[in-house]
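Contents: one structure, followed by commentary.
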Amino acid sequence: MSMWTPLTSLRSQRSLSTGRRRIRAVRAGRPGIAPIVLALFAVAVLALGGCSSGGGKDASPSPSPTVSKAQITTTPKDGADHVGITVKDVGASVADGTFSSVTLTAQGGRAIPGALAPARNAWHPSANLARGTAYTLTAEAKDPDGRTATRTGRRR
Numbered sequence: 225m226s227m228w229t230p231l232t233s234l235r236s237q238r239s240l241s242t243g244r245r246r247i248r249a250v251r252a253g254r255p256g257i258a259p260i261v262l263a264l265f266a267v268a269v270l271a272l273g274g275c276s277s278g279g280g281k282d283a284s285p286s287p288s289p290t291v292s293k294a295q296i297t298t299t300p301k302d303g304a305d306h307v308g309i310t311v312k313d314v315g316a317s318v319a320d321g322t323f324s325s326v327t328l329t330a331q332g333g334r335a336i337p338g339a340l341a342p343a344r345n346a347w348h349p350s351a352n353l354a355r356g357t358a359y360t361l362t363a364e365a366k367d368p369d370g371r372t373a374t375r376t377g378r379r380r
């Protein structure tokens with residue numbers, strides 16, 4: 225009898241034999257799933273073990289992150305309504321970097337003049353803003369490694 229016996233053959237053997245004992249003997253001859261799972265696990269462990277860099281002298285340094293460290297903050301927050309209009313109520317600042325450009329445009333595209341702090345880490349408009357006008361502030365800064373961060377905010 226072959227190792228993989230069809231179900232109909234098992235039924236006929238059961239009726240001819242002394243009962244369950246014969247059926248168990250036929251099933252015990254089949255390979256179980258445990259050796260297969262164990263073999264697959266061993267292959268996976270060996271494959272993953274070959275992927276480590278080893279940390280030796282030949283290991284290349286990990287690449288630097290591409291995200292800028294510069295953290296731009298705008299005042300007031302993006303999407304704010306009914307905000308103040310004085311030069312102290314509107315602006316932008318950056319931590320871990322310096323501004324390369326800051327623009328504030330009024331509804332209709334008119335640019336609003338402003339001034340950067342001497343350290344290039346803060347910006348405020350040069351004059352008070354008009355009430356009831358929507359503005360868009362776009363700030364771009366670079367961190368010490370030269371990576372760029374951009375932030376755009378809208379206010380009404």
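For the sequence shown, counting from 1, position 86 maps to 310 in this note's numbering; every step adds exactly one.
Note that CB positions come from ideal geometry on N, CA and C, so glycine has one too.
To the nearest whole angstrom, what separates the beta carbons of residue i and residue j, a pair I think is in contact under 8 Å?
{"i": "Gly383", "j": "Lys366", "result": "Absent from the structure is residue 383, since the part of the chain shown begins at 225 and ends at 380."}
{"i": "Gly296", "j": "Ala373", "result": "The sequence shown places Ile at residue 296, rather than the Gly named in the question. Indeed they touch by this definition, with Cβ atoms about 6 Å apart."}
{"i": "Asp302", "j": "Gly356", "result": "Going by Cβ atoms, the distance from Asp302 to Gly356 rounds to 19 Å, so no, they are not a contact pair."}
What number of angstroms, rounded off, separates the C-alpha of residue i from the C-alpha of residue j?
{"i": "Val326", "j": "His306", "result": "22 Å"}
{"i": "Glu364", "j": "Arg375", "result": "7 Å"}
{"i": "Ile309", "j": "Ala354", "result": "7 Å"}
{"i": "Pro337", "j": "Asn352", "result": "10 Å"}
{"i": "Ala294", "j": "Thr362", "result": "14 Å"}
{"i": "Ala263", "j": "Thr290", "result": "41 Å"}
{"i": "Pro368", "j": "Thr298", "result": "20 Å"}
Would you list the one or two residues that DSSP bridges to residue i?
{"i": "Lys366", "result": "Thr322, Thr372"}
{"i": "Ala330", "result": "Tyr359"}
{"i": "Leu340", "result": "Trp347"}
{"i": "Thr290", "result": "Its beta-bridge partners do not exist; DSSP assigns none."}
{"i": "Gly377", "result": "Leu361"}
Exposed or buried, residue i, counting other C-beta atoms within 10 Å across all chains shown (16 or more means buried)?
{"i": "Pro349", "result": "buried"}
{"i": "Ala268", "result": "exposed"}
{"i": "Val318", "result": "buried"}
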